[in-house]
């Protein structure tokens, strides 16, 4: 592993002051992702700034929604999360092994990098890791890659389950940077690759996620996370679906459907939401929503299966929130 | 598959003094902020009040002497900031019961307990665990009396080559403490962070169930 220095900080202000001016400085908390990236060479950090001591560990539940500190532990065990935001608890449980879940932090989870093997193996070309070097996945083994939101330069998918569930809940990331604080919808945190796949998020260097706000909604309590993967547990999603519905008098008044494993960011299936809204929740409407969710997909040679998988996964996830 | 630790780091250690810690921050001991309202905030404030104060400091990218509390003993060792807890245990303290498998958090062979919770020791830095209580496979037995999970692994023949076994046992010991041994299915899910290439899974599940007192099947 490349050598680096190590700094501990005790305030958000101090953390931002340490990292912002130093392009080779990098935050570390759970370390489950950063250490792998520094070890393998995707991140050329000379300095890790440990933010674990910052007072960002609380989980607060109130009438206006949920606030999750960027360093909160075991959010899935919080009684209000389990009762009122089941999609969130389910996505967290599906997210990793018990060991990794004992270590990771919510803020870091959102910023994990793609699992695309052409990004992870530094001997391959990758526009995301090394701008202009090419993309091995376009014509290579792209079984795990994107069917939505990709470009001719990158078809990586974002691997976070948490981000997909948060997107279905209209959640917002709170950040603190050198220019001050701001709020960024989780759905917009990651950029689509376009011609600059190496610009992965909208965050400035040194801008720190301090927490996540999940607004109260009429659909959060009736929600579900379905994750389909190559093995039963501890694997990244081939396709995942977060659904949340507000059903009153037998009719879907409002809903959110977000997909994971298919795009460079959590992917809102707005066509599916439109297809379902105003309809009764039944087999016909579930199937129609699934069809709509898969519309517009651009599959590659090895991931055509994801199109049908999205259709069926959306329908199945919706069946879990039916009466 | 030891990496560069044995060579470059030990060369660095020979050149380094007894303590190369550089305190570049403000140096003062700073308590965490405790303002806030509501039950959760009060709980956080209570934790912050009892937690050790946070020192703002920078350790340079060179060997530094630290102490770790491993299996109930305070151990002093020389590491670099980049030294993982796994490499510190194996290469510095000679505790080679903890295995290096994938070295990227995917296989679980390096599982140890940190403050009672199971973690992948390849995914954390030794310098990040200076205030922690670390338990490795060497610290699980009480003298000559094996931990119930160790005994169950022997009795159920829950391994073949044995390379993943210490990680499996540490993970299983934590799983039982967590209360996740209720059924074979629950054991399989909560042991998912430990891979066995020999495929001894049926016997591993049986051993975990037996150690938890839930019957072998």
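Chains as they are written, first to last, in this note's numbering: chain P, 38 to 360; chain V, 559 to 775.
For glycine and all other residues, C-beta sits at the position ideal for the given N, C-alpha and C.
Starting from residue i, follow the beta strand (DSSP E) in both directions and report where the run begins and ends.
i, result
"residue 64 of chain P", "62–65"
"residue 222 of chain P", "217–222"
"residue 155 of chain P", "Element bounds for residue 155 of chain P: not the beta strand (DSSP E) but the alpha helix (DSSP H), 154–157."
"residue 693 of chain V", "691–693"
Specify the secondary structure class of residue i as computed by DSSP and reduced to three states.
i, result
"residue 700 of chain V", "strand"
"residue 762 of chain V", "helix"
"residue 628 of chain V", "strand"
"residue 753 of chain V", "coil"
"residue 770 of chain V", "coil"
"residue 637 of chain V", "strand"
"residue 344 of chain P", "helix"
"residue 335 of chain P", "coil"
"residue 649 of chain V", "helix"
"residue 723 of chain V", "helix"
"residue 358 of chain P", "coil"
"residue 310 of chain P", "helix"
"residue 747 of chain V", "helix"
Along the chain, where does the alpha helix (DSSP H) containing residue i start, and where does it finish?
i, result
"residue 136 of chain P", "135–138"
"residue 93 of chain P", "Here residue 93 of chain P belongs to no alpha helix (DSSP H), and DSSP marks it neither H nor E."
"residue 739 of chain V", "Element bounds for residue 739 of chain V: n/a, residue is neither H nor E."
"residue 79 of chain P", "Counting along the chain, residue 79 of chain P falls outside any alpha helix (DSSP H), and DSSP gives it neither H nor E."
"residue 113 of chain P", "Taken as a continuous stretch (DSSP letters only), residue 113 of chain P belongs to no alpha helix (DSSP H), as it is neither H nor E."
"residue 713 of chain V", "706–713"
"residue 320 of chain P", "320–331"
"residue 127 of chain P", "123–131"
"residue 146 of chain P", "143–147"
"residue 52 of chain P", "49–56"
Less than 8 Å between CB atoms is the rule here; does residue i satisfy it with respect to chain P?
i, result
"residue 621 of chain V", "no"
"residue 629 of chain V", "no"
"residue 663 of chain V", "yes"
"residue 635 of chain V", "no"
"residue 613 of chain V", "yes"
"residue 751 of chain V", "yes"
"residue 573 of chain V", "Bear in mind that the predicted position of residue 573 of chain V carries a pLDDT of just 36, short of 50, making it unreliable; the figure below should be weighed with that in mind. Residue 573 of chain V does not count as touching chain P."
"residue 626 of chain V", "no"
"residue 606 of chain V", "The predicted model places residue 606 of chain V with a pLDDT of 48, which falls under 50 and marks its position as unreliable, so this point remains unresolved."
"residue 599 of chain V", "Since pLDDT at residue 599 of chain V reaches only 45, below the 50 mark, its modelled position is unreliable, and the value read off the structure follows with that caveat. True, the Cβ-Cβ gap to chain P drops below 8 Å."
"residue 735 of chain V", "no"
"residue 755 of chain V", "no"
"residue 681 of chain V", "yes"
"residue 639 of chain V", "yes"
"residue 675 of chain V", "yes"
"residue 647 of chain V", "no"
"residue 693 of chain V", "no"
"residue 685 of chain V", "yes"
Name, in chain order, the residues that DSSP records as bridge partners for residue i.
i, result
"residue 44 of chain P", "P:86 and V:616"
"residue 678 of chain V", "V:669"
"residue 304 of chain P", "P:296"
"residue 642 of chain V", "V:683"
"residue 98 of chain P", "P:103"
"residue 549 of chain V", "What is shown of chain V runs 559 to 775, which leaves residue 549 of chain V out entirely."
"residue 660 of chain V", "BP columns for residue 660 of chain V are empty, so no partner."
Does any C-beta atom of chain V lie closer than 8 Å to the C-beta of residue i?
i, result
"residue 45 of chain P", "yes"
"residue 90 of chain P", "yes"
"residue 69 of chain P", "yes"
"residue 140 of chain P", "yes"
"residue 59 of chain P", "no"
"residue 318 of chain P", "no"
"residue 79 of chain P", "no"
"residue 346 of chain P", "no"
"residue 136 of chain P", "yes"
"residue 74 of chain P", "no"
"residue 87 of chain P", "yes"
"residue 143 of chain P", "no"
"residue 196 of chain P", "no"
"residue 356 of chain P", "no"
"residue 41 of chain P", "yes"
"residue 271 of chain P", "yes"
Hey, is residue i close to the ligand MG, as in C-beta under 7 Å from one of its heavy atoms?
i, result
"residue 698 of chain V", "Of ligands this structure carries none, so the ligand MG is not represented either."
Could you give the uninterrupted runs of the beta strand (DSSP E) lying entirely in the region 239–296 of chain P, keeping only those of 3 residues or more?
-> The region 239–296 of chain P contains these whole beta strand (DSSP E) runs: 245–252, 260–265 and 276–285.
Just list the alpha helix (DSSP H) runs in the region 168–239 of chain P, keeping only unbroken ones of 4 residues or longer that don't cross its boundaries, in chain order.
-> For secondary structure counted as the alpha helix (DSSP H) over 4 or more consecutive residues, the region 168–239 of chain P holds these complete runs in sequence order: 198–205 and 223–226.
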